[in-house]
Every structure is written in C-alpha cells, then in structure tokens.
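By my numbering, the letter at position 147 of the sequence shown is numbered 148, and the numbering carries on one by one without gaps.
Right, one structure below, let's go through it.
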Amino acid sequence: AELIAGLKADHKSEYHIRDMERRLGIFAQHFAGFITEVETKAINEWLRDLKGTDNDGKDIIFAPKTRNHYRNAVAQLFNYARDHGYLPKGMPTEVEGVKPLDVVPPENEIFTVEEMIELLNHAPEYLIAPLAIKAFSGVRTEEMVRMDWSAVNFETKHITLSADVTKTKQRRLIPMAENLVAWLAPFRGSTGRISARWVTPQTLVQAFDRFGRSREIHVGANKFRNSYISYRVAVTHDVQRVALESGNSPRIIQREYLELATEADGKRWFNIRPPETRELAPGEKTRPAKPRTIIRKRCGA
C-alpha cells in the first residue's frame with residue numbers, strides 16, 4: 002500500500018500503477034506473512050504456478066514474458082522495502098536470485114485487408130470510430146478509452162494525444178490518413194469521450210472480441226496496433242517516423258514489425274474507405290440523424 006501510494010504521489014502513469022496493484026495484489030494474497038520470510042525458492046515456485054484465464058474462462062499458463070512482468074513488479078516491491086527499512090539495507094534481496102526468463106518475441110499477428118473491410122463493413126455504429134481510429138492511427142486501447150473528440154482535428158488532419166492520455170506520458174501527434182478522415186467524417190462535431198460506452202480497456206477489448214467472433218475473425222488485444230505499425234512501415238519505409246507516430250521505440254519496430262506486410266498491401270490498407278452506403282449490423286436500426294443512408298452493400302479497398 003505504501004509503494005502504490007508513493008507511485009501515485011510521484012504521478013507515475015495510471016497504466017503502471019494499475020499493473021502494480023494487480024500483480025502485487027496477487028503476490029500479497031499468496032505470501033501473507035512477513036516480507037523477511039519470503040525466500041527465492043518460494044518466489045520461483047509461485048511464478049511457475051501463475052495462471053490466467055482466456056476469453057472462454059479456461060485456465061492458461063502465463064508466457065515467460067508475463068512471468069517476467071510479475072517478477073519485475075515483485076522486485077520493485079522488495080527494493081522499496083529495502084530502501085525504507087523493512088529489509089536490511091545494503092543486502093541483496095531474495096528476488097535478485099530469481100532470474101528473468103529468456104523470451105523469444107512471437108511474430109505479431111495482423112489483420113488482412115479483407116478482414117478489416119469485413120469488420121468495418123458490418124460494425125454497429127457505436128464501434129465504427131474506435132475500430133477505425135485503432136486500425137488507421139495505432140492508438141493503444143488504453144489511450145482509446147481516454148480519448149476525447151477534441152483530440153481529432155479535421156482541419157489539420159491530425160490526432161493529438163495529450164500527455165495525460167498516452168501510455169508514455171508524452172504528447173503524441175498522429176497524422177490522419179485520408180481514409181480515416183472519411184470514416185470519422187459522419188461523427189464530426191461530436192463531443193465527449195469517443196469510447197464513452199466503455200469504462201475500461203478490458204471492456205472495450207471484450208466488445209471488439211464479441212464483434213469479431215460474430216464475423217468469425219480473431220481480434221487480439223494488440224492486433225489493431227500491430228496492423229497499423231506494420232502497414233505504416235511498409236508504406237513509409239521510415240522506422241523513426243512510425244516510432245514517433247506510434248509512441249514506440251525504433252528498436253522494437255525494427256525487431257517486431259518489419260516485413261510483416263508488403264508495400265502493396267499497405268497502400269490497400271490505407272485505402273479502405275467507407276462506401277456511400279453501409280450494411281446494417283444485426284439489431285442495428287437506421288439513424289436518420291447521421292449523414293448517410295444505411296442499406297445492404299459491401300465496402301471495398
């Protein structure tokens with residue numbers, strides 16, 4: 002509790018604080034005694050036994066990368082305890098004996114152009130803006146939930162994410178491709194949060210997942226962002242530029258996003274435009290207030 006209070010007082014990012022509360026909360030439930038009694042062997046065993054749940058509620062074993070995140074959170078707790086006199090100062094902590102696991106980065110999964118056409122063509126109206134923004138600007142889900150319509154500038158064709166919205170707590174300016182401008186045009190003049198319907202990143206991800214399943218398309222947690230970065234690099238051939246636009250490091254983009262898409266596919270991706278008319282999603286009703294007619298017709302790229 003003291004560690005979390007300190008992170009909040011130091012204005013650390015909400016993402017970091019949330020993750021620390023969740024991971025250390027699980028650790029504290031398992032180790033209910035004194036921190037001086039927790040040993041390296043017990044921490045290793047705890048990490049090996051960690052499990053999560055998939056979208057179907059089934060238990061899954063955490064991947065090495067996730068286990069490393071938990072290990073790092075516990076290490077931060079033990080370092081805090083040492084710095085504040087709960088553990089002997091100047092002495093190694095038990096966590097230092099827990100070695101991080103080697104991680105082989107998996108190949109990032111991206112949407113095909115046809116899959117994105119299918120999703121946007123059948124999306125209910127309340128999902129269109131979040132889907133298009135994530136697909137064609139690379140905004141993180143956590144950022145999407147906090148985004149306000151004031152961040153979308155139709156005149157300069159840019160999305161401006163303020164420091165209190167971004168994961169890195171650094172202001173970010175993202176150019177809007179012409180197709181993204183077209184997808185958002187019917188919502189011009191809207192105010193308030195773009196994803197006001199969803200309270201947390203998890204609920205927005207769940208909405209994407211449910212809709213994807215209805216179209217028999219797998220929608221992963223990072224698949225939209227992976228797609229944007231991959232297709233954007235393929236089109237621009239400029240890693241530094243895409244790193245600035247996406248709020249990622251050039252090293253990560255070089256390692257994980259190159260050669261996942263061709264330049265031709267990238268051009269098709271950023272040419273996915275709304276049709277003059279759009280097919281109704283199941284249960285959706287025509288909204289006369291919107292400046293378009295909705296009938297059954299497919300869009301194309």
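Glycine is no exception: its CB is placed at the ideal position from the N, C-alpha and C atoms.
Keep in mind that this is a model prediction, so the values were computed, not measured.
For P176, the enclosing beta strand (DSSP E) has its first and last residue at 173 to 176. By the CB criterion at 9 angstroms, L181 and P131 fall outside the cutoff. In terms of Cβ geometry, H219 and E110 form a close pair [threshold 9 angstroms].
Take the alpha-carbon of R214 and the one of G34: they are about 44 angstroms apart. Note: V153 is bridge-paired with I160 in the DSSP secondary-structure output. Per DSSP, the continuous beta strand (DSSP E) segment holding D60 begins and ends at 60 to 62. The alpha-carbon separation between V166 and K52 amounts to approximately 30 angstroms. For G7, the enclosing alpha helix (DSSP H) starts and ends at 3 to 10.
In this structure the stretch 179 to 197 does not lie against the stretch 80 to 89, because fewer than three pairs of beta carbons, one per stretch, are closer than 8 angstroms. The continuous stretches of alpha helix (DSSP H) do not include G190, and DSSP gives it neither H nor E. In the three-state reduction of the DSSP assignment, K52 falls in the strand class. Counting C-beta atoms within 10 angstroms of its own C-beta, K135 has 16 or more neighbours from the protein chains shown and is therefore classed as buried.
Here G98 carries a helix assignment [DSSP, helix/strand/coil].
Straight across, the Cα-Cα distance linking T263 with R269 is about 10 angstroms.
In the displayed model, D210 falls within a helix according to three-state DSSP. For F155, the closest of V146, E143, Q171, A186 by C-alpha to C-alpha distance is A186.
Across the structure, E144 and I160 are spaced so that their CA atoms are roughly 12 angstroms apart. Bounds of the alpha helix (DSSP H) holding Y127 are 126 to 138.
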